[in-house]
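Chains as they are written, first to last, in our numbering: chain A, 7 to 253; chain B, 7 to 253; chain C, 7 to 253; chain D, 7 to 253.
Ideal Cβ placement from N, Cα and C applies to all residues, glycine included.
Report on the following structure.
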């Protein structure tokens, strides 16, 4: 089954990334990329145990070498398989600081992962996505999805590094969408506008009902539905917020 | 079955409206509104024949009286049923004219249907949508969807009437989304950016492959997927275009 | 001096309109339009006393007949003069109400003035603006400016009528800009994002410094600077807010 | 006159930068920054000869060290003078390439100058701008202006590096505007949407009239008018295009 299309998820943590990997892993052999193996090991086991197929690769998406090494492994494992879906969910270190107290390194941290990393990941996955686009048996158009945030469209005070990275990733997504849609690749950008319900945000909005946070599984469901869209109906951007979000 | 939730589609023609009615009609008893009965009669028969339940009502959405009369009939038929989904797909007369040659009536034609009509339709359906939001057995959050166009976000020359109506409808959608999301109603606006493949556009883009046009069924599928989103994941805006669209 | 270019300001009240009329009245014979003569009478006297030339005409911009009557008077007074600047500053009744409590008339009130009125005003002034564009002695390109608001780009809850009108006016402005720029007419839209310091808002933000509100004279200054822009540098949109505004 | 406020222009070339330096140099002692001294030497002489005061410093804005060295010189020359205006006009190497042929270095080239450079420049100038904001004798609020492009709001195919940098700079501008406006600093972003008429673009649009290009002097004029705005009227974004531009 070397030619069966695979899905690749970059930025697998305990939230959106894991949910997306689980969802796409139910349909495709799936590759989980994260810097820290702790972030994917359990999930890889879970998917494999449940009849799916998953591998995890420790990868720094901001490093071209690291990503190249990861794709060498992917190709060894899956034999240059076409890519049905590639989801970029990695995010740089979040820094909120008065501008005059922010170091150049702090400022750039977001860019190295969210923009440069997204570029490197796109270059690595697009050949496989194009291969899938040419496969007349492909069930759904190959899909490349980028996870954005409120800061993708609104740059608040003290968020210059984070917001400029998220704006930049959105531009990258739009540029790739315009270049590759005519070749059959569906590129989408998701503006996640709200707090995602993950272990790290457990204490946030505690006094509010569950509908004050975004469900990670619900994001995965929405990404999957983007993947199901036909070549005659590509959505290039969605926003996502919980019903109780102010916007 | 008086309390079973229903779906209401305004602006049923041979394209998006029919596809949406068919899709939602597979899950809910459905009401089809159009000025001209010719636009829904066959489809009503089709849905009823296939085991669904549909009624059509000749309605001018730009007239409060006409919409009130329609809802009196709906309530007679379905006994004040909660509304699971309401889709506003009506559009005013499209006028492309040099500004100085456009009559005030031409200019306002779009607004009367797309904005005032959307407002009247929203007022008529929101009580039923709210009722569904309070129903703990409801499968999916009640959904109110507005069909927009390229002109919802770009106002080209000679399109002042059409574009100002579409911008206005988008504002209405956003305002309602903000007011009713906390009450559990999911409001979404779709920017349909491209030519929809319907009988009327048969001769357009004839020399191009099928992927140059948007599939009406594909739009319906995307609307349905919006409806499936949970209260922890509301998408308030999507864009839709075929893979060969320039944007 | 029948052919000297004039300026026309619609929506003259005690705030922006008056300041704009004063500013443009220092350079051009000026026409002040408002429904209520009380809104322009004093100012007309002031401008005429200070060596300028001004006339006021009671006009309902939402009525084609009323605007036509006004332009008959303007032409009688100024002999079909070219129009150097036309500023649309009128705004419909502001209504903030829960959607389900808003009447169709309330909802439409904004549109009739801000969109239909802006359209009628544009049709009435564009021939004079085009005439000025063809005048090789014209000092500055003819300028048509629309006064928008925060609600031109953000539709908050309970503001559906106001916001859909402001969105619609913005679309109108963009469409006219695209059609008439190649003919030399400079069209601009101003997003006034904050409270303007006028008698009516005296009690608002009282505990805050003067920089919490927008100066009406400052808006007029900015509009004048838009007017000074050359044909090689048209700004089609500006935002304006006081330094203490949150956005 | 050590405390007289100065203006600083980064990215002085034969176009916008030079025009801006000339314009602000007529009112303030001015500092011209460019990597290549050829880009400012003549202009420095011109301004000094015409009764102004100018110095040029060879600076790489993408390097913190280089910018620090430049500001040491500025402080030596002008004695820690307050900064009345700082204009960031530098732009990274423009690369238009299919995504799969673009190197990571090509992709990042824009960011290093347009985003990281803009951040470093902002950090270097904001202390002087804040000093000017506190000076009650200051004629105009201190102004920090960023020069953007069409690609600041539209990311075309094959422009991923350039556009993601321009989007990122726009985010930076908005974030700084929000943080520093309450402290009296006016931050503005200009979307230059069209070809600027400079020696390098002489052969472009040759068959078209002068109004097909943007005048560099006209941009400078618009920037100056932004600088003149009061604390009760800050414009944070303008677009600029020539009258014959399609948009």
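Item                                                                                                                                                               : Value
Starting from the Cα of residue 67(B), find the closest Cα among 61(B), 60(B), 76(B) and give me that residue.                                                     : 76(B)
Please tell me whether residue 29(D) and residue 173(D) are closer than 9 Å, where the distance is taken between their beta carbons.                               : no
How close, in whole Å, do the beta carbons of residue 148(C) and residue 192(C) come, if the pair is a contact with beta carbons under 8 Å?                        : 7 Å
Determine, using beta carbons only, whether residue 167(A) and residue 200(A) come nearer to each other than 9 Å.                                                  : no
Between residue 165(C) and chain D, is any beta-carbon pair separated by less than 9 Å?                                                                            : no
Mind pulling the chain C residues with CB within less than 9 Å of residue 245(D)?                                                                                  : 240, 241, 242, 243, 244
Per DSSP, residue 110(A) forms a beta bridge with which residues?                                                                                                  : According to DSSP, which records beta bridges pairwise, residue 110(A) is partnered with nothing at all.
Tell me the DSSP bridge mates of residue 154(B)?                                                                                                                   : 197(B)
Beta-carbon within less than 7 Å of residue 97(C)'s beta-carbon, same chain only, minus the 5 sequence neighbours each way: which residues are those?              : 17, 119, 120
Look at residue 245(B) and residue 221(B) and say whether their C-beta atoms are less than 9 Å apart.                                                              : no
Residue 44(D) lies in the beta strand (DSSP E); which residues open and close that run?                                                                            : No beta strand (DSSP E) holds residue 44(D); DSSP gives it neither H nor E.
Just checking my contact of residue 129(A) with residue 105(D) at CB under 8 Å: how many whole Å lie between their CB atoms?                                       : 7 Å
Run through chain B and tell me which residues come within less than 8 Å of residue 25(A), C-beta to C-beta.                                                       : Here the premise fails: no neighbours, minimum Cβ distance about 11 Å.
Go through its chain and collect everything with a Cβ distance to residue 58(B)'s Cβ below 8 Å, but skip five positions before and after it.                       : 31, 32, 35, 36
Mind checking residue 8(A): buried by the 16 CB within 10 Å criterion, or exposed?                                                                                 : Its pLDDT being 41, under 50, residue 8(A) is placed unreliably by the model, and the measurement read from it follows with that caveat. Exposed: under 16 other Cβ atoms inside 10 Å.
Please report whether the beta-carbon of residue 105(D) lies at a distance below 9 Å from any beta-carbon of chain A.                                              : yes
Let me know if residue 189(A) comes out buried or exposed under the rule of 16 or more other beta-carbons within 10 Å of its beta-carbon.                          : exposed
Please confirm whether residue 180(B) and residue 155(C) have their CB atoms less than 9 Å apart.                                                                  : no
Mapping the DSSP letters down to three states, classify residue 7(A) as helix, strand or coil.                                                                     : Interpretation of residue 7(A) is limited by its pLDDT of 39, a score under 50 that renders its predicted location unreliable; the figure taken from the coordinates is listed afterwards. Correct three-state label for residue 7(A): coil.
Look at the alpha carbon of residue 103(D) and the alpha carbon of residue 116(D), and state the distance between them as a whole number of angstroms.             : 13 Å
In its own chain, which residues sit with a C-beta less than 6 Å from the C-beta of residue 195(B), not counting the 5 before and 5 after it?                      : 152, 154, 176, 179, 243
Taking residue 161(A) as the reference, which of 50(A), 90(A), 107(A), 101(A) has the closest Cα?                                                                  : 101(A)
Just to confirm, is the Cβ distance from residue 15(B) to residue 23(B) under 9 Å?                                                                                 : yes
If contacts are defined as beta-carbon pairs under 8 Å, then residue 182(D) and residue 89(D) qualify, I think. What distance do you get, rounded to the angstrom? : Rounded, the Cβ-Cβ distance is 14 Å, inconsistent with contact.
Are any of the Cβ atoms in chain D nearer than 9 Å to that of residue 133(A)?                                                                                      : yes
Does DSSP put residue 100(A) in a helix, a strand or coil?                                                                                                         : coil
Comparing C-alpha positions only, which one of 234(B), 218(B), 226(B), 209(B) sits nearest to residue 144(B)?                                                      : 234(B)
Quick check on residue 249(D) - is its C-beta less than 9 Å from some C-beta in chain C?                                                                           : yes
Using CA atoms only, rank isn't needed, just tell me which of 111(A), 232(A), 80(A) is closest to residue 125(D).                                                  : 111(A)
What would DSSP say about residue 19(B), mapped onto helix, strand or coil?                                                                                        : coil
Would you mind stating whether residue 64(A) and residue 41(A) have Cβ atoms separated by less than 9 Å?                                                           : yes
So with Cβ pairs under 9 Å, would you call residue 126(C) a contact of chain B?                                                                                    : yes
Over the uninterrupted alpha helix (DSSP H) stretch that includes residue 134(C), give me the two end residues.                                                    : 124-139
Distance check for residue 139(C) and residue 236(C), CA to CA, integer angstroms please.                                                                          : 12 Å
If you run the structure through DSSP and keep just helix, strand and coil, what is residue 223(B)?                                                                : helix
Looking only at C-alpha atoms, which of 80(A), 186(A), 165(A) sits nearest to residue 109(A)?                                                                      : 165(A)
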